[in-house]
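Once you know that position 92 of the sequence shown is 172 in the numbering used here, the rest is easy, because the numbers rise by one and skip nothing. Beta carbons are placed, not taken as given, at the ideal position from N, Cα and C, and that holds for glycine. Given the structure is predicted, the values throughout are model-derived calculations rather than measurements. Only one structure is covered here, and it is reproduced in the block below.
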Amino acid sequence: MAEAVDGPVLIFDSGIGGLTVLREARMLMPDRRFVYVADNAAFPYGDWPEGALLAHMLALFERLLEEIRPACVIIACNTAFTLAGAALRERFTDTDFVGTVPAIKPAAERTASGLISVLATPATVKRDYTRALIDSFASHCHARLVGSKYLAALAETYISGGAVSDAALWAEIAPCFVEEDGRRTDIVVLACTHYPFLANRFRKLAPWPVDWLNPAEAIAMQARRVLGERPSTAIGETNRDVAIFTGRTLRPEITRLMQGFGLSVAGSDAP
Ligand code: DGL
Numbered sequence: 081m082a083e084a085v086d087g088p089v090l091i092f093d094s095g096i097g098g099l100t101v102l103r104e105a106r107m108l109m110p111d112r113r114f115v116y117v118a119d120n121a122a123f124p125y126g127d128w129p130e131g132a133l134l135a136h137m138l139a140l141f142e143r144l145l146e147e148i149r150p151a152c153v154i155i156a157c158n159t160a161f162t163l164a165g166a167a168l169r170e171r172f173t174d175t176d177f178v179g180t181v182p183a184i185k186p187a188a189e190r191t192a193s194g195l196i197s198v199l200a201t202p203a204t205v206k207r208d209y210t211r212a213l214i215d216s217f218a219s220h221c222h223a224r225l226v227g228s229k230y231l232a233a234l235a236e237t238y239i240s241g242g243a244v245s246d247a248a249l250w251a252e253i254a255p256c257f258v259e260e261d262g263r264r265t266d267i268v269v270l271a272c273t274h275y276p277f278l279a280n281r282f283r284k285l286a287p288w289p290v291d292w293l294n295p296a297e298a299i300a301m302q303a304r305r306v307l308g309e310r311p312s313t314a315i316g317e318t319n320r321d322v323a324i325f326t327g328r329t330l331r332p333e334i335t336r337l338m339q340g341f342g343l344s345v346a347g348s349d350a351p
């Protein structure tokens with residue numbers, strides 16, 4: 081186990097998707113303080129070449145760990161963790177990293193039809209890590225990988241109050257629905273932390289009901305296990321949760337969204 085540091089719990093994503101994990105983590109660990117980091121300067125991670133993203137993340141974490149000294153880090157991003165999880169653990173051995181990977185194993189265990197779909201960024205569907213999960217846990221299923229170029233950005237627009245059309249969403253999720261020999265897809269893995277924000281919209285558009293598998297609670301439970309009894313900074317009146325953005329310009333809707341999640345935006349005038 082890594083050396084205990086009693087700082088806050090750091091939740092990391094390329095954008096706002098990690099808020100779906102923060103929501104669950106707070107419910108399970110109401111006394112701990114959270115610092116949310118969004119690497120919005122580099123969003124979307126789904127478009128990055130692997131080598132460049134890996135180097136970028138290692139350099140960024142060098143700084144973040146030094147500045148924040150977290151009790152543990154939750155990488156609430158499939159695109160980031162499937163690429164950089166092993167390298168982060170190897171480089172920063174004093175830090176515990178809790179990861180996010182496509183929930184292929186639980187989907188393969190639960191499917192009745194044997195047809196599952198994995199909805200993710202184009203980068204996550206290409207990762208060796210994702211292919212290895214399918215080989216290890218879903219070889220008895222038909223797993224369709226659906227890489228969506230636009231959904232993460234659409235989720236950001238939608239959750240911050242912008243208009244997102246049904247047609248735009250349907251174009252991205254339609255390939256998830258497979259019919260084969262009288263069987264139909266019954267589970268769609270939400271393998272990008274942004275997508276649970278759109279789950280209600282997906283549900284309305286689905287041609288038949290499916291289980292939209294959101295791993296956020298399981299990730300939060302894993303973080304609670306990793307932290308165990310370890311002390312970390314407690315949440316308090318003068319010690320609220322904060323959000324840190326790597327990009328300088330922040331749209332007012334995003335600042336409002338963060339405030340709605342009880343996060344003050346570091347460096348802004350937000351309360
Ligand atoms: N939230 C990220 C994930 O879980 C992806 C968003 C992006 O493309 O940056 O994969």
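Practice task
Report yes or no: do the region 86-94 and the region 117-130 share at least 3 C-beta pairs separated by less than 8 Å?
Solution key: yes
Exercise for the section: State yes or no: is the C-beta of residue 164 nearer than 7 Å to some heavy atom of the ligand DGL? Expected result: no
Practice task
Please report the residue range of the alpha helix (DSSP H) in which residue 227 lies.
Solution key: Counting along the chain, residue 227 falls outside any alpha helix (DSSP H), though it belongs to the beta strand (DSSP E) covering 222-227.
Practice task
Flag this pair as touching only if the region 332-348 and the region 249-259 have three or more C-beta atom pairs under 8 Å; answer yes or no.
Solution key: Remark: fewer than three beta-carbon pairs, one from each stretch, lie closer than 8 Å, so the region 332-348 and the region 249-259 are not flagged as touching.
Practice task
Classify residue 195 as helix, strand or coil using the three-state DSSP reduction.
Solution key: strand
Handout entry: Residue environment, residue 288, which counts as buried when at least 16 other CB atoms sit within 10 Å
Key = Exposure of residue 288 is indicated by the presence of fewer than 16 other C-beta atoms within 10 angstroms of its C-beta.
Problem - Option in 206, 267, 234 with minimal Cα separation from residue 221 - result: 267
Exercise for the section: Return the CA-CA distance between residue 205 and residue 318, expressed in angstroms with no decimal places. Expected result: 42 Å
Exercise for the section: Give the DSSP-derived three-state secondary structure of residue 256 in the structure shown. Expected result: helix
Handout entry: Collapsed DSSP secondary structure at residue 116 in the structure displayed
Key = strand
Exercise for the section: Tell me whether residue 141 sits in a helix, a strand or coil according to DSSP, three-state version. Expected result: helix
Exercise for the section: Can you give me the Cβ contacts of residue 297 inside the same chain, cut-off strictly under 6 Å, excluding the 5 residues immediately before and after it? Expected result: 104
Problem - Proximity below 8 Å, CB of residue 290 to CB of residue 255 - result: no
Exercise for the section: Express the C-alpha separation of residue 106 and residue 263 in angstroms, rounding to a whole number. Expected result: Rounded to whole angstroms, residue 263 to residue 106 spans 39 Å at the Cα level.
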